[in-house]
């Protein structure tokens, strides 16, 4: 019995942990599961426990609250409430969510992270870690709970009607008959079909894009920007908005021209019957249209329906007129003869003539007719006001193209079948049959000569005027709505400066009232200026540019094939879309080659502005997908390329920790890899960190590299010591041939004070790199490399993001106020970069700038030296003078760097600290790079300083080469041999020195200096007390004796370097080989300390004994 009780207690405890932690957690997304047996809104079960009703359950699913539920402590308790009949738990019958932490698949879980309706699924940490508690997250407040009062249109009212009204423009009533006169019925129908082919392909492409996810407000701009990226989207959005605003003015002028003609036919005028009358009528008309759209989209939709009815009546009037035929001889004399087969035969063939200063042909007539088809985007442009854009845009657009194409074809054929090309209008000539003979005279009637053909043929002429008015006003109204809607979406994305003010919307429908007013003034301006005919081709080209990019978007998405490209609309083809894009460009040049060039120049200029500004947006464009695809293909191709010494590139893994911690080390590495090869910054964290903190670290590192214009990658490993982390980075960094071949570390300046284990790990990392056939490079600066406590995090100063503290003495990330709870949930790196601006990690403490500082945990990020900051005015002025700050250009650069690097709290750094920080970025004074090529390591010791010397900031520094002589009596021969080798390597140098006396005994002062370095590590003779004799880092007498010659050589090298290279800008020397199981870490570090202490910037390099230089072509 006791065993059974203990087992129950064990189960109860285990369940208590699981469900108890659930009970404490106050936020995770679980969705409503309606019980099939539920009746009404709530009740009480047989145990007297209140059941949650639908409303309660919905609230619970939104907020994820379990506070009010009794805790289930065992499976037995849960099963006790299970019905014997249906096996369903009656205690929690209303929601399955009480049995699991998991969220069920629901639409809200996949909403945009910034959406007010977005749900919160548990994070992986919350699911995986049973004891993790998180703060409650309340749903946003202050937003409308429903869409009550918001006007949304279906596919007929929202897309079909608008497209029909925009495509049926004045071209239908005024110019269609002229097109048939020029091209004939045959080529005229072909011309209309060719136009429809372009618009149909564009509509198919747009249908594919619009069904590949939710379409928001912005129409054409939204689709292109989310497909091709902000550069193309922004440029097209701006010119498309401008084109619609100017098109509004053009349509209004068309209305005014028709109205003016009507007034003239009745001998009426307002002022002068000319341009001033049109300006007055145009201004009044635009004001009237503005009032309609400002009142609301619902009134605008009603006005559009009324205009559509008038337009349909006018079209029916024309068709009925062709069937009735001419009613009198005057109509016959003007060319309207009714249906006649001989007339159809005569008008079937083209009759291109000289008109309006142009000798027309098929393409010139096509360019004049094509603008009639530029209304297919009218419905898509109000995508934000559609109830279902994904369904409405394809159906409405394709059906509108079909209906308008059929109407244009039928009306064109009817015009050619009932109307003569030329007619005198003289009734007398009608009787003698000469009324169509206009060879030697100018006739005013007929298809060629009169734009009033539709009125003449119609059953009731004034209806054609009404149709013409309806066509122009509806097109103007659609343009007046489209331009502000697209412009508002563009302004919201903040791609261009100074236009964000127009992003504000008003009312339930978020109406762009400010955009309406702007469009109104643009239209009024163009109406008052006049000369709209001159810019009409430019407007058409603006529309065509949008069509071309819509087609190209579909082609590019199909070509890149991202996993997210899954359009519901299947009737598209990538090559057809590409053909459509090329056709649009062809038509652009066909309409007007110079306006096509202007359009392309506009698009390019606006594209470059967005590319230069680099807006902080991430829309998952196909450009990003194609970049990945190209990179993957290139890496795979590179893997098939065999290595050759001529193509060697120094690919560097630098153990820098966070890049912002050690700017000089990163800058130096970038000197070697800039525009040349791979650079990876490795960060080793001793303590474990959560994924959200990993994301923060990655974001901050990339942001720092980007702001400093350093092209590098960042990677980190956690929950390892320095040795394990470095080995992991050495073995796992890179992919294929893009792998580091050089390990760059900072010099371990605290090797005498640090723990022996840290020194051993540092030494083992060098061994591991050499075992992996990687070159090893160690950089030492006397001022040190670690500036993590001297400079503030840039995100603190610029973006308001708290800085990364790094790892403390015990290797744990220090967080502020349990900030893990306040970090964004379930976000990708890109989402976090846009959405998060608070509570990352705490900032490091402010250092004492007057006191030497030693890094106490080098095994966390990378081993580094202490930074000693001198508080000396004389030294500051000396450094200032030496850095070439006499010129204004250099002063500006220093001011820029001073702004880039700030002390804690945003304080200005001392100039000597700033100079040390940027010493590898600034222009170097005239000097030398001294290369001590002691041993042949494959030539890397010589290649790296050569690369540095090719950089612009180091071009004033000449190479000096120092080499060792084999025999003193062969000094001259060896110097000639070395000079010949350097000449064959094509490496310029200013001086070459061969050292003959490297084996000379060092001075006593040098020996004493070395003895002081190793004194505390030397093993005492005959020591058996368990002291230093048990220390693996101890230097034995046997080791000193065995390494005596090497030690003396290094001591002598120090003397030679101090004699020759103390004034060098940089010293590069071959790194002594750390022989395994031969030399101890302490003795080896003593050698390095001897070589580099109190020297200029010093780089120790050891290649992997493989040639990196060749003199063969």
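Residue numbers (our numbering): 2 to 1114. All C-beta atoms in this analysis are idealised placements derived from N, C-alpha and C, irrespective of residue type, glycine included. This structure is a prediction, so every number in the text was calculated from the model and none was measured.
Determine whether the beta carbon atoms of residue i and residue j lie at a separation below 8 Å.
i	j	result
residue 284	residue 525	yes
residue 484	residue 171	no
residue 657	residue 621	no
residue 1055	residue 999	no
residue 523	residue 384	no
residue 501	residue 193	no
residue 660	residue 705	yes
residue 669	residue 209	no
residue 447	residue 336	yes
residue 159	residue 387	yes
residue 655	residue 685	no
residue 737	residue 618	no
residue 537	residue 366	no
residue 252	residue 490	no
residue 644	residue 231	no
residue 373	residue 225	no
Apply the 10 Å Cβ neighbour rule to residue i and answer buried if 16 or more other Cβ atoms are within range, or exposed otherwise.
i	result
residue 310	exposed
residue 923	buried
residue 681	buried
residue 122	buried
residue 451	buried
residue 690	buried
residue 946	buried
residue 1015	buried
residue 991	exposed
residue 530	exposed
residue 1101	buried
residue 267	exposed
residue 702	buried
residue 203	buried
residue 129	exposed
residue 710	exposed
residue 572	exposed
Residues in the same chain with beta-carbon distance under 6 Å from residue i, minus the five sequence neighbours each way, listed in chain order, please.
i	result
residue 368	591 and 592
residue 774	1105
residue 1098	782 and 1067
residue 304	293
residue 1065	929, 931 and 1097
residue 430	436
When DSSP builds the beta bridges, which residues end up paired with residue i?
i	result
residue 1062	Answer by DSSP bridge pairing: none, since residue 1062 is not bridged.
residue 981	Paired residue(s): none; residue 981 is not in a bridge.
residue 932	962 and 1069
residue 747	780
residue 684	717
residue 1103	777
residue 655	682 and 745
residue 355	360
If you measure from the CB of residue i, is any heavy atom of the ligand ATP nearer than 7 Å?
i	result
residue 363	As for the ligand ATP, it is missing from this structure, which has no ligand bound.
With 8 Å set as the bound, which would you pick, yes or no: does the beta-carbon of residue i sit closer than that to a beta-carbon of chain D?
i	result
residue 770	Protein chains in the displayed structure number just one, and chain D is not present.
So, for residue i: in the same chain, excluding its five sequence neighbours on each side, which residues have a beta-carbon less than 7 Å away from its beta-carbon?
i	result
residue 768	1075 and 1077
residue 520	246, 249, 481, 484 and 485
residue 1071	933, 934, 935, 936, 938, 942, 1102 and 1103
residue 244	540, 543 and 544
residue 729	718 and 721
residue 353	183, 361 and 362
Ignore the nearest five residues each way along the sequence and tell me which others in residue i's own chain have a CB closer than 8 Å to its CB.
i	result
residue 1108	646, 939 and 940
Ranges of the beta strand (DSSP E) found wholly within the region 382-435, counting only runs of at least 3: none
Whole alpha helix (DSSP H) elements within the region 709-780, 4-residue minimum: 723-733 and 757-772
Inside the region 585-655 only - alpha helix (DSSP H) runs reaching at least 4 residues: 594-614 and 623-640
Alpha helix (DSSP H) segments (min. 4 residues) lying fully within the region 990-1045: 1005-1015 and 1038-1043
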